[in-house]
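Chemist:
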Amino acid sequence: MKYIPIERVETGRIGYQQQVKETNIKRIFDLVRFGRCKSRAEIVRCMNLSATSVSVLVEELMSRGLVEEVGPAQTTMPGRRPISLRLNSDARQMATFALSRDGVRYCLLDLECRVVESHTYPLSIEGLTDAEAGEAYVRLFEQVLKRRSKRFDSARALMIGICFPGVFLENRKTYSSGTELNVSIPEGIFEDFGRRMGLPLCVINSTRCKAYAEKRFLDARDPDAPETEYMLYADIHKGINCAVIAKGSIYTGPHNISGLLGHFTIDYQGRPCHCGNRGCLERYVNQDTLLEDAQKACVEAGTQPPADLKEAARRCADEPALMAALQNSARLLAFGLYNLMCSSGMNHIVLSGIEALGDAFLEEVRRALMERTLLVCRLDLSWAQAGRDSRNVGICQYFLDKVFTITG
Ligand SMILES: [Zn+2]
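Per this note's numbering, residue 3 is the first one in the sequence shown, and the count goes up by one each step.
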């Protein structure tokens, strides 16, 4: 996870007064953005600030174009009717690119993190060197923003987000994606691109973006319920990635590689893995092996192998061999998840990438986890629900919540 400002961050200390002001103005921006306060009076009630201070800060948000006034507010209170405030969602934009083996998913989002323009661009980097692949990506980004997009406006852009399906390796200064893209992009290529565009870059692991979008989806679904502070998000594709939400934010660990669920061993004498370990979970449970194991079971039982996971899920109720294969996969996955639950102390798990297997599979994973009754007394297990563009949406939500500052 990396935020690359246009200029290097100043090392000089920001003044205390300036810090207090930024904290307060950002808080007001968030109260308006999330619709929790619709007038200056409501903001005064929410914050420990005088009416005058709130007025000054709201004035500044308005002069920056981030917040706007909309007529008198609807209220039953006597006296002068207050003017309503709302987010000026068109005031700023965020351009995002999510990389995967299928190509690049481009989404332009407004300040409410709504997608206002999107397109998927196929891009093959096969046979290219790492540097060539990196250049091919940024060439595409630049083409999209400078020529193909109809709505991108660099004057209103806050940042460019890149959802990367891998990790940033600090010692090598590269963005490395082994399983998904098989590429290691030198950091300088992204940095130069940001400089050329005159915009800061935010590069975050794709699974972490999805996890943050899921957290925000769950929080928005029930605004009165407590915030989702702790969550494990397992993204199952050609391998298994996991993101950890802790204290309401993305937990990266000191070396930016926390939650590598795919490399939790479930058999110390098991299949060798490219990471150097043996019996890693992702060698047994991933999109390909799940289907292969189901197909193998059908071949052995003398029935037609399923073409995809959806078909396997649909047929398993009538075919015991297929059912046994899926149950076995669910149990292997539960072994890995249990390791993760024990090491993190968390019991809220969201699974993504194999939703086609349906609720019966999820129930099997739940059953297997609940057998470990000493430590698992409560379990919150569900499929991901944040939607198709959760990578692009999640990176913008995270940026606005945790990185963006109003006063610079
Ligand atoms: Zn491994």
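Backbone N, C-alpha and C fix where the C-beta goes; we use that ideal spot for every residue, glycine too.
From a predicted model like this one, the values you see are computed outputs, not experimental measurements.
1. Start and end of the beta strand (DSSP E) containing residue 88?
2. When every heavy atom of ligand 1 is checked, does at least one fall within less than 6 Å of the C-beta of residue 265?
3. Assign residue 355 to one of three DSSP states: helix, strand, or coil.
4. Would you mind reading off the limits of the alpha helix (DSSP H) that contains residue 296?
5. To test your reading of the DSSP string, which unbroken alpha helix (DSSP H) runs of 4 or more residues are found completely within the stretch 237-275?
6. From the DSSP output, in three-state form, read off residue 190 for me.
7. Given a cut-off of 7 Å on the beta-carbon distance, is the pair residue 108 and residue 146 in contact?
8. Counting Cβ pairs, one atom from each stretch, are 3 or more of them under 8 Å apart for the stretch 59-75 and the stretch 200-216?
9. Judging by CA-CA distance, which residue of 398, 400 and 326 is the nearest neighbour of residue 366?
10. Pull up the distance between the alpha-carbon of residue 242 and that of residue 167, whole angstroms please.
11. Check whether the stretch 47-58 and the stretch 84-94 are in contact - that is, three or more C-beta pairs closer than 8 Å.
12. From this set, 201, 25, 41 and 19, which residue's C-alpha is nearest residue 143's C-alpha?
13. CA-CA distance, residue 162 and residue 24?
14. What span of residues does the alpha helix (DSSP H) with residue 343 cover, start to end?
15. Looking only at DSSP bridge pairs, what is residue 45 linked to?
16. DSSP three-state label for residue 196, please.
17. Tell me the rounded alpha-carbon separation between residue 351 and residue 384.
18. Note down the Cα distance separating residue 41 from residue 61, rounded to an integer number of angstroms.
19. For residue 382, I'd like the list of residues in its chain whose CB is within less than 8 Å of its CB, leaving aside the five on either flank, ordered along the chain.
20. For the stretch 244-251 and the stretch 353-364, state whether three or more C-beta atom pairs, one from each stretch, are separated by less than 8 Å.
21. By Cβ distance, which residues of its chain are closer than 8 Å to residue 329, with the 5 residues on each side in sequence left out?
22. Check residue 179 in the structure and name its three-state DSSP category.
23. Quick one: Cα of residue 216 to Cα of residue 393, how far?
24. Going by Cα to Cα distance, which pick from 98, 180, 184 and 253 is closest to residue 129?
25. Express the C-alpha separation of residue 395 and residue 374 in angstroms, rounding to a whole number.
26. Counting Cβ pairs closer than 8 Å, one from the stretch 331-343 and one from the stretch 298-316, do we hit at least three?
27. Out of curiosity, what's the CA-to-CA distance linking residue 359 and residue 21?
28. Does the beta carbon of residue 184 fall short of 6 Å from some heavy atom of ligand 1?
29. In chain order, what are the residue ranges of uninterrupted beta strand (DSSP E) at least 3 long that sit wholly in the stretch 115-172?
30. Could you pull the start and end residues of the alpha helix (DSSP H) that residue 209 belongs to?
31. Please say whether residue 287 and residue 334 have beta carbons closer to each other than 7 Å?
32. Check the C-beta distance from residue 31 over to residue 408 and give it rounded, since I have them as a contact under 8 Å.
33. In terms of residue numbering, what span does the alpha helix (DSSP H) encompassing residue 392 cover?
34. On the premise that residue 259 lies in contact with residue 169, defined as a C-beta separation below 8 Å, what is that separation, rounded to the nearest angstrom?
35. In terms of residue numbering, what span does the alpha helix (DSSP H) encompassing residue 306 cover?
36. Does DSSP put residue 70 in a helix, a strand or coil?
Modeler: Quick answer:
1. Mapped onto the sequence shown, residue 88 falls at position 86. Counting along the chain, the beta strand (DSSP E) containing residue 88 begins and ends at 85-89.
2. As a first step, residue 265 is located in the sequence shown; it is residue number 263 there, counting from the start. Yes, Cβ of residue 265 sits closer than 6 Å to a heavy atom of ligand 1.
3. In the sequence shown, the residue the question calls residue 355 occupies position 353. Residue 355: coil per DSSP, three-state reduction.
4. The count along the sequence shown starts at 1 and reaches residue 296 at position 294. First-last of the alpha helix (DSSP H) with residue 296: 289-303.
5. none
6. The sequence position of residue 190 within the sequence shown is 188, counting from 1. DSSP places residue 190 in helix when its eight states are reduced to three.
7. For the purposes of this step, residue 108 is taken as the residue at position 106 of the sequence shown. For the purposes of this step, residue 146 is taken as the residue at position 144 of the sequence shown. Yes, the pair counts as a contact, with Cβ atoms nearer than the cut-off.
8. no
9. Reading the sequence shown from its first residue, position 364 is the one you call residue 366. Residue 326 is the option with its Cα nearest to residue 366.
10. Start at 1 with the first residue of the sequence shown, and residue 242 comes out as number 240. Start at 1 with the first residue of the sequence shown, and residue 167 comes out as number 165. Taking the straight line joining both Cα atoms gives about 11 Å.
11. no
12. One-based indexing of the sequence shown puts residue 143 at position 141. Considering only alpha carbons, the answer is 201.
13. If you number the sequence shown from 1, residue 162 lands on position 160. If you number the sequence shown from 1, residue 24 lands on position 22. Rounded to the nearest angstrom, the two C-alpha atoms are 22 Å apart.
14. Taking the sequence shown and counting its residues from 1, one reaches residue 343 at position 341. Its alpha helix (DSSP H) spans residues 322-346.
15. Position 43 of the sequence shown, counted from the first residue, corresponds to residue 45. In DSSP, residue 45 forms no bridge with anything.
16. Residue 196 sits at position 194 when you count from the first residue of the sequence shown. Residue state, collapsed to three classes: helix.
17. Taking the sequence shown and counting its residues from 1, one reaches residue 351 at position 349. Taking the sequence shown and counting its residues from 1, one reaches residue 384 at position 382. Whole-angstrom Cα-Cα distance: 7 Å.
18. One-based indexing of the sequence shown puts residue 41 at position 39. One-based indexing of the sequence shown puts residue 61 at position 59. Spanning the two alpha carbons is a distance of roughly 12 Å.
19. The sequence position of residue 382 within the sequence shown is 380, counting from 1. For residue 382, where only same-chain residues beyond five positions count, the Cβ hits under 8 Å are 349, 350 and 351.
20. no
21. Against the sequence shown, residue 329 aligns to sequence position 327. The residues are 366.
22. As a first step, residue 179 must be located in the sequence shown, where it is residue number 177. Here residue 179 sits in strand by DSSP.
23. The count along the sequence shown starts at 1 and reaches residue 216 at position 214. The count along the sequence shown starts at 1 and reaches residue 393 at position 391. So the two alpha carbons sit approximately 10 Å from each other.
24. On the sequence shown, position 127 is the one that residue 129 refers to. The shortest Cα separation from residue 129 among 98, 180, 184 and 253 belongs to 184.
25. Here residue 374 refers to the residue found at position 372 when the sequence shown is read from its first residue. Here residue 395 refers to the residue found at position 393 when the sequence shown is read from its first residue. If you take the alpha carbons of residue 374 and residue 395, they lie about 35 Å apart.
26. no
27. Taking the first residue of the sequence shown as 1, we reach residue 359 at position 357. Taking the first residue of the sequence shown as 1, we reach residue 21 at position 19. Roughly 49 Å between the two C-alpha positions.
28. As a first step, residue 184 is located in the sequence shown; it is residue number 182 there, counting from the start. Not so, every heavy atom of ligand 1 lies at least 6 Å from the Cβ.
29. 117-123, 159-166 and 169-171
30. Here the question's residue 209 lines up with position 207 in the sequence shown. Looking at the DSSP string, the run of the alpha helix (DSSP H) that includes residue 209 is 208-223.
31. Reading the sequence shown from its first residue, position 332 is the one you call residue 334. Reading the sequence shown from its first residue, position 285 is the one you call residue 287. A contact, by the Cβ cut-off of 7 Å.
32. Here residue 31 corresponds to residue number 29 of the sequence shown, with the count starting at 1. Here residue 408 corresponds to residue number 406 of the sequence shown, with the count starting at 1. Confirmed, Cβ separation roughly 6 Å.
33. Position 390 of the sequence shown, counted from the first residue, corresponds to residue 392. Per DSSP, residue 392 belongs to the alpha helix (DSSP H) from 392-400.
34. For the purposes of this step, residue 169 is taken as residue 167 along the sequence shown, with counting starting at 1. For the purposes of this step, residue 259 is taken as residue 257 along the sequence shown, with counting starting at 1. Yes, they are in contact, since the Cβ atoms of residue 169 and residue 259 sit about 5 Å apart, within 8 Å.
35. Here residue 306 is taken as the residue at index 304 of the sequence shown, counted from 1. Segment: none, residue 306 is in no alpha helix (DSSP H) and carries neither H nor E.
36. Counting from 1 along the sequence shown, the entry for residue 70 is found at position 68. If DSSP states are grouped into helix, strand and coil, residue 70 belongs with the strands.
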